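Structure, as structure tokens:
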Amino acid sequence: MADSLYTSWGRFPQIAQQGRRLEWRGDTLPEPLAGTNSLLPYGNGRSYGDVCLNRGGTVIDTRSLNRFISFDAETGVLRCESGVLLSQILELCVPNGWFLPVSPGTRYVTIGGALANDVHGKNHHKAGTLGCYVRALELLRSDGSRQVCTPEENTELFAATIGGLGLTGLVTWVEIALRQIDGPLLQEESIKFANLQEFFRLSELSDTDYEFTVAWIDCIAKGASLGRGLFSRANHTDGRSKADGADRGPRVSVPFQPPFSLINRLSLKAFNAFWYNRQRRKQQTRTVHYRPFFYPLDAIGDWNRIYGPRGMLQYQCVLPGEDGRDVLRKMLSDIASKGNGSFLVVLKIFGDRESPGILSFPRPGVTLALDFANSPEVFRLLDRLDAMTREVGGAVYPAKDARMSAESFQSYFPRWEEFAGFIDPAFSSSFWRRVTGDEL
Amino acid sequence: MSQVLVIGAGSAIAEAAARIYAGRGDRLFLVARDAARLDIIADDLRVRGAEQVDVLAADLTDRDRHAEIIAAAIDAMPELDVVLVAYGVLPDQGSCQQNVEDALYSIDVNFLSVIAFLTPLVNQLEERAKGTVAVISSVAGDRGRQSNYVYGAAKSGLDVFLQGLRNRLDKSCVHVLTIKPGFVDTPMTAHIPERGLLWAQPEDIAAGIVTAIDKRRNVVYLPGFWALIMLIIRSIPEAIFKKLNL
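So the protein lines, in turn, are chains D and S. Residue numbers in the first sequence follow the numbering used here, run continuously in steps of one, and reach 443 at the last position. Residue numbers in the second sequence follow the numbering used here, run continuously in steps of one, and reach 241 at the last position.
Okay, here's the thing in structure tokens:
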């Protein structure tokens, strides 16, 4: 397959995606390229599966829409074009004492992409999703109209566009409310836990006093150690940083794609045991800069290459209620018994702050995220996980999905038909056609 | 703090360079054809930290406006440290061969209008005995090739003009920089379908330009490997070169 300019981060599915660039926010929408019949905005290609792809259609490349419009250093209100990267926002606002109200695990996503996937972060239990902090956005529709949507104005279109996967039109600019900080550092405690029971207890103890909580778990450990890991809890702190220089990007990169996946039973087992045992003490505290704290994987450029030419599949689900905890245990046993999984398996408790987005993914419960090297066996495993997620009324994150069935999607997002009414008639995506049963 | 005049500020390379100056807290004066786009860029540069940004919408092929542009820029920025000339068109070689008007238009934009603009401007700088004039030329000016020799001829003429200026102004402490970018991924080149290893991003070219201005370099190829490529291209004997398909 020829290397396309437009890929998704998981490198699966791989399609020859064509795109057209939009240079200025005042420009009209481009026509789909010859032989294609629909449009889809494309940001920085960091969603894992096919929400950012449009097979047989055209993507609108928004890289050039990376201009700031206004920033009030007194109130922390920022307005910028949709193609601005979160890394660029941080470079601007951190020296002025402001931070993103919600941040995903990479800073190399556009604000438009973050909004379209209604991203969440380690502070979901307190802060909700990014969509909760969007004050206004402008939507350019294929009929040529421009609609400013806010929580008070054009509210339905606003709710459809937050988490709307780019399908409601092209977002040209976004206005968000930032969060005040005293400096670029965080005070982080890392606590070792022996099993799932302890994870849930630590979460309950920590979620009130700590703005950021997340856990890494050893996905290979079985039996009494099932779900052992390291619990991280942190708050912003006012300490001064010795090295808050400019953002120089990744320090090392994966220079090329190996001919096969480097993630296998052996490397997984070794890494997970090493990582769990690296921390000797039960609890340790450190002061850490926001970049390694929020974006550990951004330090390694092109890390997705380690999964080889077939790419990887991400899976993130949320499981609500008491039943969700039992199901999580079943899922982890299934994953551990096959020796599948990844280096970075993450657990977190979502809070109950509701997002305005109709298709928003987070909801109260426990969320599990991990990735797998692409193989036929993994597809079967993920189908089993989907069945378990459906059973407890949970959901799977579209931003990370490349394979869920239409049946699963429609059970996870019962308001999908209501949402469909807001889709721009000229817009579509590979993901949307798949999960609505219109395969193309 | 520097005072920077950018001519052709709507180009992707110029915009990226202006962002670097804005980040340093410099003062900018932007000239481009499209008033709405100028305002968009100016807002962005203010947010990025520029001390002051003024704009003027003008078409540089309209020589009657050159005096006005220079006067307005010096009025807004009396110290005028840097002038970056970044406008130009990449004509379609095929239509230049069929249509004399197309060929002459590209010579007018890329060569004549630049000379017309620089001539009165450098006289002012010479009088004040300070400042840097940085002009974006192209690797295409290093040797005529069948695929773009009309564009190349304009840039080649520009290179010689700048050499002369540099020689003349050296004693006045006015510095002249010739910038020769290779393939850059910008709207000007968006119609070229292939994108290979030789292609660079406008941000990288802009960083190279600002460094070259800071270091008072004379001629820079950007990215630097183009110096080697063009050395090889220039040293091929004409008897062989004329048979090549470049």
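Ideal placement from N, C-alpha and C gives every residue a C-beta, glycine not left out. Predicted model, so just to flag it, every value in this text is computed and none were measured.
- Item | Candidates S:C91, S:A202, S:L23: closest to I174 of chain S by CA position | When C-alpha distances from I174 of chain S are compared across S:C91, S:A202, S:L23, the shortest belongs to S:A202.
- Message: Between which two residues does the beta strand (DSSP E) holding M407 of chain D run?
- Response: First-last for M407 of chain D: undefined, no H or E at that position.
- Task: Mind listing the chain D neighbours of R211 of chain S? Cutoff is C-beta to C-beta under 9 Å, in chain order.
- Result: Going along chain D, no residue has its Cβ under 9 Å from R211 of chain S, so there is no contact; the nearest lies around 24 Å.
- Message: Considering Cα atoms alone, identify which of D:P44, D:G13, D:W27 is closest to Q21 of chain D.
- Response: Ranking D:P44, D:G13, D:W27 by Cα distance to Q21 of chain D puts D:P44 first.
- Inter-stretch contact at 8 Å, needing at least 3 Cβ pairs: the segment 133 to 152 of chain D / the segment 387 to 397 of chain D: By the Cβ test, the segment 133 to 152 of chain D is not in contact with the segment 387 to 397 of chain D, since fewer than three Cβ pairs between them sit closer than 8 Å.
- Identify the continuous beta strand (DSSP E) that holds Q47 of chain S and give its terminal residues. Per DSSP, the continuous beta strand (DSSP E) segment holding Q47 of chain S begins and ends at 47 to 52.
- Message: Counting only C-beta atoms, is A5 of chain D closer than 8 Å to chain S at any point?
- Response: Interpretation of A5 of chain D is limited by its pLDDT of 36, a score under 50 that renders its predicted location unreliable; the figure taken from the coordinates is listed afterwards. So, not an interface residue.
- Message: I want to verify the contact list: residues of chain D whose CB lies under 7 Å from the CB of A31 of chain S, in sequence order.
- Response: Correct list: G29.
- Item | Among D:G166, D:T175, D:N157, nearest to G134 of chain D - alpha-carbon criterion | Closest by alpha carbon: D:G166.
- Specify the secondary structure class of D6 of chain D as computed by DSSP and reduced to three states. Annotation note: pLDDT 44 at D6 of chain D (below 50); position unreliable, coordinate value reported separately. Taken through DSSP and simplified to helix, strand or coil, D6 of chain D comes out as coil.
- Item | Where I136 of chain S falls: helix, strand or coil (DSSP) | Per the sequence shown, residue 136 of chain S should be read as Gly rather than Ile. Three-state result, G136 of chain S: helix.
- Message: In whole angstroms, give me the CA-to-CA distance for K152 of chain S and G139 of chain S.
- Response: Checking the sequence shown, residue 152 of chain S turns out to be Gly, not Lys. A straight-line Cα-Cα distance of about 12 Å links G152 of chain S and G139 of chain S.
- Counted within 10 angstroms of its Cβ, other Cβ atoms place L384 of chain D as buried (16 or more) or exposed: L384 of chain D is buried by the Cβ-count criterion.
- Message: Rounded to the nearest angstrom, what separates N240 of chain S and N143 of chain S at their Cα positions?
- Response: Straight-line measurement puts the Cα of N143 of chain S at about 12 Å from the Cα of N240 of chain S.
- Task: Could you check what DSSP says for Q92 of chain S in three-state terms: helix, strand or coil?
- Result: Three-state DSSP puts Q92 of chain S in a helix.
- Query: When the cut-off is 8 Å and only beta carbons count, does R182 of chain D lie next to chain S?
  - Reply: So no, R182 of chain D is outside the interface.
- State the DSSP-derived secondary structure class of E394 of chain D, mapped to helix, strand or coil. If DSSP states are grouped into helix, strand and coil, E394 of chain D belongs with the helices.
- Query: Closest by CA to T109 of chain D, which one among D:L199, D:P16, D:R294?
  - Reply: Of D:L199, D:P16, D:R294, the smallest CA-CA separation from T109 of chain D is found for D:R294.
- For the beta strand (DSSP E) containing F24 of chain S, list its first residue and its last residue. Run containing F24 of chain S: 22 to 27, per the beta strand (DSSP E) assignment.
- Message: Per DSSP, what are the beta-bridge partners of P379 of chain D in this structure?
- Response: Looking at the DSSP assignment, P379 of chain D forms no beta bridge with any residue, so it has no partner.
- Task: Determine the chain S residues that contact S235 of chain D at a beta-carbon separation under 8 Å, and present them in chain order.
- Result: Those within 8 Å of S235 of chain D in chain S number zero; the least Cβ separation is about 33 Å.
- Start and end residues, alpha helix (DSSP H) containing H292 of chain D: That residue, H292 of chain D, is in no alpha helix (DSSP H); its beta strand (DSSP E) goes 286 to 292.
- Where L95 of chain D meets chain S, residues with beta-carbon distance less than 9 Å: Within 9 Å Cβ-Cβ: V42, R43, G44.
- Message: Taking CB distances under 8 Å as the criterion, tell me whether E155 of chain D reaches chain S.
- Response: Taking Cβ atoms only, chain S never reaches closer than 8 Å to E155 of chain D, which makes this a no.
- Message: For a cutoff of 8 Å on Cβ pairs, would you count F71 of chain D as touching chain S?
- Response: Answer yes: the Cβ-Cβ gap between F71 of chain D and chain S drops below 8 Å somewhere.
- Item | Inside the segment 102 to 178 of chain D only - alpha helix (DSSP H) runs reaching at least 4 residues | The qualifying runs are 114 to 119, 127 to 130, 158 to 164.
- Determine the direct distance from the alpha carbon of A19 of chain D to that of D6 of chain D, and round the result to whole angstroms. Note on D6 of chain D: pLDDT 44, under 50, position unreliable in the model; no value is reported.
- Message: For R289 of chain D, which residues in the same chain have their Cβ closer than 7 Å to its Cβ, ignoring the five residues on either side in sequence?
- Response: Closer than 7 Å at the Cβ level, and outside the excluded window around R289 of chain D, lie E191.
- How far does the beta strand (DSSP E) with C320 of chain D in it reach, from first residue to last? For C320 of chain D, the enclosing beta strand (DSSP E) has its first and last residue at 315 to 322.
- Query: Terminal residues of the continuous beta strand (DSSP E) containing C83 of chain D?
  - Reply: Segment 80 to 84, the beta strand (DSSP E) holding C83 of chain D.
- For the segment 21 to 54 of chain D, which residues have a CB atom closer than 8 Å to at least one CB atom of chain S, in sequence order? Within the segment 21 to 54 of chain D, those residues whose Cβ lies closer than 8 Å to any Cβ of chain S are, in chain order, R24, E26, W27, R28, G29.
- List the residues that DSSP assigns as beta-bridge partners of T61 of chain D. Answer is D:Q21, D:L42.
- Item | Where P182 of chain S meets chain D, residues with beta-carbon distance less than 9 Å | Going along chain D in sequence order, the residues near P182 of chain S (Cβ under 9 Å) are R24, E26, S67.
- Item | Neighbour flag for D38 of chain S against chain D, beta carbons, 8 Å | For D38 of chain S, at least one C-beta of chain D is nearer than 8 Å to its own C-beta.
- Inspect the beta-carbon positions of G3 of chain S and V78 of chain S and report whether they are closer than 8 Å. No, the pair does not count as a contact, with Cβ atoms beyond the cut-off.
- Message: Contact defined as beta carbons within less than 8 Å: I believe V179 of chain S pairs with I200 of chain S. What is the distance between those atoms, to the nearest angstrom?
- Response: Contact between V179 of chain S and I200 of chain S holds: their C-beta atoms lie close to 5 Å from each other, under 8 Å.
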